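Worksheet for the structure shown next.
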Amino acid sequence: MIKAMNGPRLAEADQNELDGLVKEIVFLLGLRSADADATAKQLLHMTAYLRKRYHQTPTAEIRRAYQLYVEGELGLEPIRIFDAISLNQIMRAYWKHRGKILHPLIEGQKLLPSAERPEPTPDQIEAIMRQSLEDAYQRLRAKETVTDHGNAIYEWLDAKGLIPFTPERKQAIFKQALTALQQHHAWSAATTRHNPTGRAEARRLADVFKKTQLADGPPLTGEPLEEARRYAKQLAFILLLAEWIDAGVKPAEVLDQPPPAGAEPLPDGGVS
């Protein structure tokens with residue numbers, strides 16, 4: 001999400017990029033039409049609307065909004081059309097979802113005194129994330145619980161190329177996350193007493209995370225996969241902070257030096 005917020009604006013996209021974005025949205029929504037000419041005309045209109053209405057919105061944020069919608073993260077009913085109304089509905093839900101993640105960080109830095117305050121600028125976001133990273137570092141040093149809400153700090157560091165873990169180590173962390181989630185849901189199933197539906201769902205998820213760890217187990221998909229990725233990023237963030245603390249390295253020292261060679265963000269999958 002942090003990567004998407006800092007990306008190029010739609011106004012900067014050329015026609016090929018814009019066409020590619022529209023085609024990806026159509027693919028994500030699973031839209032099909034027997035009338036190719038009518039569909040092409042509608043997509044042409046939507047491409048023009050996108051550029052006009054969302055010209056200051058990063059292209060990656062629009063793409064991310066539809067990805068989160070398809071993953072069921074935005075709390076919307078199924079939408080089987082790509083028009084101005086549905087586009088605006090999804091973007092509003094996305095910004096609300098994004099706000100829930102960023103609000104604790106912004107509020108903690110006293111940059112959101114009221115609901116009317118404009119969204120933070122890139123410089124404000126940079127300051128917020130730096131301070132949030134420092135706060136997390138100090139909490140872990142004090143052996144307090146550290147939670148990276150929405151993986152915001154992890155993704156911010158990853159966008160800067162400052163997650164130095166190799167693909168192999170990220171995969172090992174992802175496996176740790178699977179084991180931890182299996183244990184968590186199994187415990188939840190065993191201790192839930194007055195919610196049969198919740199108990200059954202916890203038991204189902206524990207079984208999903210158990211089976212996927214088997215040599216011939218099925219791959220994770222959907223929400224369990226997203227839950228595993230989120231938890232793995234949380235684990236990776238804590239491990240990274242712990243290594244800095246053990247080495248006597250402060251966050252500012254990491255942020256103010258060139259990113260290490262070979263630390264580019266990895267494609268989606270595992271902990272990336």
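According to the UniProt record's numbering, the residues represented by the sequence shown are 1 to 272, in order.
C-beta: ideal position from N, C-alpha, C; glycine also.
In this text, all values refer to a predicted model and were calculated from it rather than measured experimentally.
- Query: Taking three-plus beta-carbon pairs below 8 Å as touching, is the stretch 233-253 in contact with the stretch 144-158?
  - Reply: yes
- How many Å lie between V146 and Q176 at the Cα? Within the sequence shown, residue 146 is the residue found at index 146, counting from 1. Within the sequence shown, residue 176 is the residue found at index 176, counting from 1. Distance between the alpha carbons of V146 and Q176: 18 Å.
- Query: Along the chain, where does the alpha helix (DSSP H) that runs through E168 open and close?
  - Reply: By one-based count along the sequence shown, residue 168 stands at place 168. First-last of the alpha helix (DSSP H) with E168: P167 to T191.
- Looking at R63 and L21, is the spacing between their C-beta atoms short of 8 Å? Residue mapping note: residue 21 aligns to position 21 of the sequence shown, counting from 1. Residue mapping note: residue 63 aligns to position 63 of the sequence shown, counting from 1. Cβ atoms of L21 and R63: closer than 8 Å.
- So what's residue 287 in DSSP terms, helix, strand or just coil? One cannot answer for residue 287 here, as it falls past the ends of the chain, which runs 1 to 272.
- Query: Given a threshold of 16 other Cβ atoms within 10 Å of its Cβ, counted over all protein chains shown, does T57 qualify as buried or as exposed?
  - Reply: In the sequence shown, counting from the first residue as 1, residue 57 sits at position 57. It is buried - the Cβ of T57 has at least 16 other Cβ atoms within 10 Å.
- Output yes or no for whether 8 Å exceeds the beta carbon distance between T59 and E126. What you label residue 59 is simply residue 59 of the sequence shown in a count that begins at 1. What you label residue 126 is simply residue 126 of the sequence shown in a count that begins at 1. Contact flag unset, no.
- Query: Under three-state DSSP, which class holds R98?
  - Reply: Mapped onto the sequence shown, residue 98 falls at position 98. Three-state DSSP puts R98 in a helix.
- Going by beta carbon distance, what residues of the same chain come within less than 6 Å of Y137, once the five residues before and after it are set aside? The count along the sequence shown starts at 1 and reaches residue 137 at position 137. Counting only Cβ-Cβ distances below 6 Å, and skipping sequence neighbours, we find L241 and P251.
- Item | Presumed contact (8 Å Cβ cut-off) between Y231 and L181, rounded CB distance | For the purposes of this step, residue 231 is taken as the residue at position 231 of the sequence shown. For the purposes of this step, residue 181 is taken as the residue at position 181 of the sequence shown. Yes, Y231 and L181 are in contact; Cβ-Cβ is about 6 Å, under 8 Å.
- Whole-angstrom distance between L178 and Q213, CA atom to CA atom: Taking the first residue of the sequence shown as position 1, residue 213 is located at position 213. Taking the first residue of the sequence shown as position 1, residue 178 is located at position 178. Those two C-alpha atoms are separated by around 7 Å.
- Extent of the continuous alpha helix (DSSP H) to which K211 belongs: On the sequence shown, position 211 is the one that residue 211 refers to. That run of the alpha helix (DSSP H) goes P196 to K211.
- Note down, in chain order, each residue of its chain lying with its Cβ closer than 8 Å to the Cβ of I245, except the 5 sequence neighbours on either side. Here residue 245 refers to the residue found at position 245 of the sequence shown. Excluding sequence neighbours, I245 sits near Y137, L140 and R141.
- Task: Taking P224 as part of the alpha helix (DSSP H), name the residues at either end of that continuous run.
- Result: Along the sequence shown, one-based indexing puts residue 224 at 224. Residues G222 to A247.
- Residue from F165, K160 and P196 whose Cα sits closest to the Cα of Q257: Along the sequence shown, read from residue 1 onward, the residue named residue 257 stands at position 257. The shortest Cα separation from Q257 among F165, K160 and P196 belongs to K160.
- Query: Can at least three beta-carbon pairs, one atom from the stretch 22-33 and one from the stretch 80-88, be found at a separation below 8 Å?
  - Reply: yes
- Query: Hey, how far is the Cα of residue 341 from the Cα of A65?
  - Reply: This structure cannot speak to residue 341, because the chain is shown only from 1 to 272.
- Task: Would you kindly check if the distance between the Cβ of P218 and the Cβ of L205 is under 8 Å?
- Result: As a first step, residue 205 must be located in the sequence shown, where it is residue number 205. As a first step, residue 218 must be located in the sequence shown, where it is residue number 218. No.
- By how many angstroms is the C-alpha of V208 removed from the C-alpha of L220? Residue mapping note: residue 220 aligns to position 220 of the sequence shown, counting from 1. Residue mapping note: residue 208 aligns to position 208 of the sequence shown, counting from 1. In a straight line, the C-alpha of L220 is about 8 Å away from that of V208.
- Query: Roughly how many angstroms lie between the CA atoms of A13 and E134, to the nearest whole one?
  - Reply: On the sequence shown, position 13 is the one that residue 13 refers to. On the sequence shown, position 134 is the one that residue 134 refers to. Rounded to the nearest angstrom, the two C-alpha atoms are 35 Å apart.
- Identity of the residue in R9, D216, E168 and H97 nearest G72 by Cα: Taking the first residue of the sequence shown as 1, we reach residue 72 at position 72. Comparing Cα-Cα distances from G72 to each of R9, D216, E168 and H97, the minimum goes to H97.
- Can you name, in chain order, every residue of its own chain whose Cβ lies under 8 Å from the Cβ of Y94, other than the five neighbours on each side? Translated into the one-based positions of the sequence shown, residue 94 becomes position 94. The answer, listed in chain order, is E61, R64, A65, L68, Y69 and L74.
- May I ask you to report which of helix, strand or coil DSSP gives P122? Within the sequence shown, the letter at position 122 stands for residue 122. Correct three-state label for P122: helix.
- Message: To the nearest angstrom, how far is the alpha carbon of L111 from that of Q124?
- Response: Residue 111 sits at position 111 when you count from the first residue of the sequence shown. Residue 124 sits at position 124 when you count from the first residue of the sequence shown. Residue placement at L111 is poorly supported in this model, since its pLDDT is 49, which falls under 50; the coordinates still yield a value, given next. Roughly 8 Å between the two C-alpha positions.
- Item | Whole-angstrom distance between P196 and A189, CA atom to CA atom | By 1-based counting over the sequence shown, the position of residue 189 is 189. By 1-based counting over the sequence shown, the position of residue 196 is 196. Looking at the two C-alpha atoms, the distance is approximately 9 Å.
- Is DSSP giving R80 helix, strand or coil here? Taking the sequence shown and counting its residues from 1, the one referred to as residue 80 is at position 80. Note: R80 maps to coil in three-state DSSP.
- With DSSP run on the structure shown, which of helix, strand or coil describes R32? Taking the sequence shown and counting its residues from 1, one reaches residue 32 at position 32. Reduced to three states, the DSSP call for R32 is coil.
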